[in-house]
Amino acid sequence: MLDIKWIRENPNALVDALKKRSWSEAEARSTTDDLIARDEARRAHVLKLQHAQERRNAASKEIGKAMAARDMALAEKLKAEVGDIKSFIQDGEAEARRLDRAFTDALAVIPNLPLDNVPAGKDENDNVELRKVGKVSPPANWAREHFDIGEELGLMDFERAARLSGSRFTVLRGQLARLERALGQFMLDLHTTEHGYTEVQVPLLVRDDALFGTGNLPKFEEDLFFVPHGESRLGLIPTSEVPLTNLVREEITAHEKLPLRFTALTPCFRSEAGSAGRDTRGMLRQHQFYKVEMVSITDADSSVAEHERMTACAEEVLKRLDLPFRTVVLCTGDMGFGARRTHDIEVWLPGQKTYREISSCSVCGDFQARRMNARYRDKDGKGNLFVHTLNGSGVAVGRALIAVMENYQNEDGSITVPDVLRPYMGGLERIEVK
RNA sequence: GGAGAAGUGGCAGAGUGGUUGAAUGCACCGCACUCGAAAUGCGGCAUGGGUGCAAGCCCAUCGGGGGUUCGAAUCCCUCCUUCUCCGCCA
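One point on numbering: in UniProt numbering, the residue at position 325 of the first sequence is 325, and numbering is uninterrupted.
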């Protein structure tokens, strides 16, 4: 959520920012004007209401004094007077709530402002490569995609998964199931022992409020799964960014405690409503997948540096696994709703002969903090400021499994186990057809 | 699932209809005393919003939301959370 005071003072800057996010000039302008109009209506109304409340409060105090002085005639006279204001105040409070709600609803669907150093662009074709790491060997003519490798090994089963749950689910068995578990453990251990993140076990079902806090609601409800819960519902987390970030919601964190760095290995659930027909084969795009997530909570001055640090932590996972990758900055048009700047890490898939996203690290500034009311007490103890939040995959476990399978495949159909994973695999060196 | 109790400022803890945004203690900040520290004394110390050049003034907030009343931390409804007992259960 953006700061309405800032919008009031910089309406043209908001229009420019929205245009950078591929909004049309007309839409950006009318949305901005609408926000400002709603804000003004709200404030004008509050002013009138507060004057009425002021008169009521003063009169009520006088009534108290009159009654203490046993001057019942004066008390009754004042009561009659305040009685008239009362209905105005009651209607006024209801109207204030209505105007406030309408204003917040409008503000809640405005995306975050891109940082100045984010390249302008329309879609993923305008993203800018920052670096390429690792050697991409010329694709062998026998290189295959992960689903062929997995099915031939008899360890990856889409048919039965579909019978259980439909499309976009996968059953893994034996050493392949273990390999995925090994990947998750390896990543978690790396971040907790070397990168300073605290491991957290979080709920996988969360309230709407939490989803609003991270920006998944109200705009992206169709991407989420919900389960009924009493009269209400709970959402399945699309990423542990949601519970990890909301850990500081409605709190004032002491400045000395920042930065907070959290990591978690959790399943993630996504309806993939808008991606029918995309990546239908294999386990690249699933309704359910494991991911190791990193979340940092920082003060206002440290978030940009923390973003570089977090990106490096994610890259380190791929370096240790010896997987070739490249890191790109998303252009303004390709960035997510809550992000100010996003680095995507794309891993090389020899079977697909292309780079595919395996991590996405974003700095959100105070955008999510406003939605969560997450603050910290300033160094000098003066004011309470909104924290800055960052999140990044460190990395997607399901996709890491795919990357390992494709990059470590052998011509005979076996998969070499990467060195760093062998301790997690009981020393196993190769996964092969039995 | 059934029965009961409770949610007040950073923390502890008063307050059951009228200058109570809230006693008191602790913590914290400033000053005094001291060579320095401790102890002691004095003063300060909630958040959000509106308005104003500013000093300030005003409004709201005692778990959230709604209501009763001239007036609500205090009464009513509802939701959330925590705790205790019973039942069930991984």
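Ideal Cβ positions, reconstructed from N, Cα and C, are used throughout, including at glycine.
Buried versus exposed call for residue i [16 or more other C-beta atoms within 10 Å across all chains shown]
{"i": "Q175", "result": "buried"}
{"i": "V329", "result": "buried"}
{"i": "L224", "result": "buried"}
{"i": "M310", "result": "buried"}
{"i": "P228", "result": "exposed"}
{"i": "W142", "result": "exposed"}
{"i": "M72", "result": "exposed"}
{"i": "N117", "result": "exposed"}
{"i": "S303", "result": "buried"}
{"i": "V433", "result": "exposed"}
{"i": "T354", "result": "exposed"}
{"i": "S393", "result": "buried"}
{"i": "D123", "result": "exposed"}
{"i": "A28", "result": "buried"}
{"i": "A94", "result": "exposed"}
{"i": "G215", "result": "buried"}
{"i": "Q286", "result": "buried"}
{"i": "L318", "result": "buried"}
{"i": "T280", "result": "exposed"}
{"i": "K291", "result": "buried"}
{"i": "W348", "result": "buried"}
{"i": "A314", "result": "buried"}
{"i": "D334", "result": "buried"}
{"i": "G427", "result": "exposed"}
{"i": "L130", "result": "exposed"}
{"i": "N57", "result": "exposed"}
{"i": "K20", "result": "buried"}
{"i": "E411", "result": "exposed"}
{"i": "S30", "result": "exposed"}
{"i": "S167", "result": "exposed"}
Beta-ladder partner(s) of residue i, from DSSP
{"i": "A264", "result": "E293"}
{"i": "Q409", "result": "I415"}
{"i": "M156", "result": "L172"}
{"i": "H45", "result": "None; H45 has no bridge partner."}
{"i": "F269", "result": "Q288"}
{"i": "D344", "result": "V328 and S360"}
{"i": "F386", "result": "R375"}
{"i": "I149", "result": "According to DSSP, I149 bridges with nothing at all."}
{"i": "A254", "result": "R377"}
{"i": "A396", "result": "K291"}
{"i": "H229", "result": "S232"}
{"i": "I431", "result": "I415"}
{"i": "V133", "result": "F325"}
{"i": "T32", "result": "Paired residues: none, contrary to the question."}
{"i": "Y355", "result": "W348"}
Residues of its chain near residue i, where Cβ-Cβ distance is below 6 Å and the 5 sequence neighbours each way are ignored
{"i": "I415", "result": "M405, Y408, Q409 and I431"}
{"i": "V363", "result": "S303, H307, R340, R341 and L390"}
{"i": "R261", "result": "G196, Y197 and S296"}
{"i": "D378", "result": "L385"}
{"i": "V136", "result": "P324 and W348"}
{"i": "G365", "result": "R340 and H388"}
Cut-off 7 Å between Cβ atoms - residues of its own chain near residue i, not counting five sequence neighbours on either side
{"i": "A108", "result": "M1 and P218"}
{"i": "D148", "result": "none"}
{"i": "P259", "result": "S296, I297, T298, S302 and E306"}
{"i": "R207", "result": "L234"}
For residue j and residue i, believed in contact at Cβ under 8 Å, the rounded distance
{"i": "G121", "j": "T332", "result": "6 Å"}
{"i": "P114", "j": "R340", "result": "6 Å"}
{"i": "G398", "j": "M283", "result": "6 Å"}
{"i": "G134", "j": "F325", "result": "6 Å"}
{"i": "R320", "j": "V420", "result": "5 Å"}
{"i": "L103", "j": "R42", "result": "Rather than Leu, the amino acid found at residue 103 in this sequence is Phe. Indeed, because the Cβ distance is near 5 Å, the residues count as touching under 8 Å."}
{"i": "R66", "j": "E81", "result": "In the sequence as displayed, the identity of residue 66 is Ala instead of Arg. Not really, about 12 Å apart at Cβ, beyond 8 Å."}
{"i": "A403", "j": "L323", "result": "5 Å"}
{"i": "R38", "j": "A106", "result": "6 Å"}
{"i": "H255", "j": "D299", "result": "6 Å"}
Same chain, Cβ closer than 8 Å to residue i, neighbours up to 5 away in sequence not counted
{"i": "R181", "result": "Y424"}
{"i": "R375", "result": "E251, I252, T253, A369, N384, L385, F386 and V387"}
{"i": "A52", "result": "I85, F88, I89 and G92"}
{"i": "P119", "result": "D126, N127, V128, V329, C331 and T332"}
{"i": "T192", "result": "T198, E199 and T263"}
{"i": "V171", "result": "M156, D157, F158, R160, A161 and L164"}
{"i": "E222", "result": "S271, A273 and G274"}
{"i": "I34", "result": "The question names Ile, yet the displayed sequence has Asp at residue 34. Here the set comprises A106."}
{"i": "I358", "result": "L318, F325, I345, E346, V347, S393, V395, A396, R399, A400 and A403"}
{"i": "I36", "result": "I7, R8 and P11"}
**Q.** Inter-stretch contact at 8 Å, needing at least 3 Cβ pairs: the segment 37-52 / the segment 9-18
**A.** Counting Cβ pairs under 8 Å, fewer than three are found: no touch.
Q: May I ask you to verify whether the segment 206-213 touches the segment 238-257, counting CB pairs closer than 8 Å and requiring at least 3?
A: Taking a cut-off of 8 Å for Cβ pairs, the segment 206-213 and the segment 238-257 touch, as three or more such pairs fall below it.
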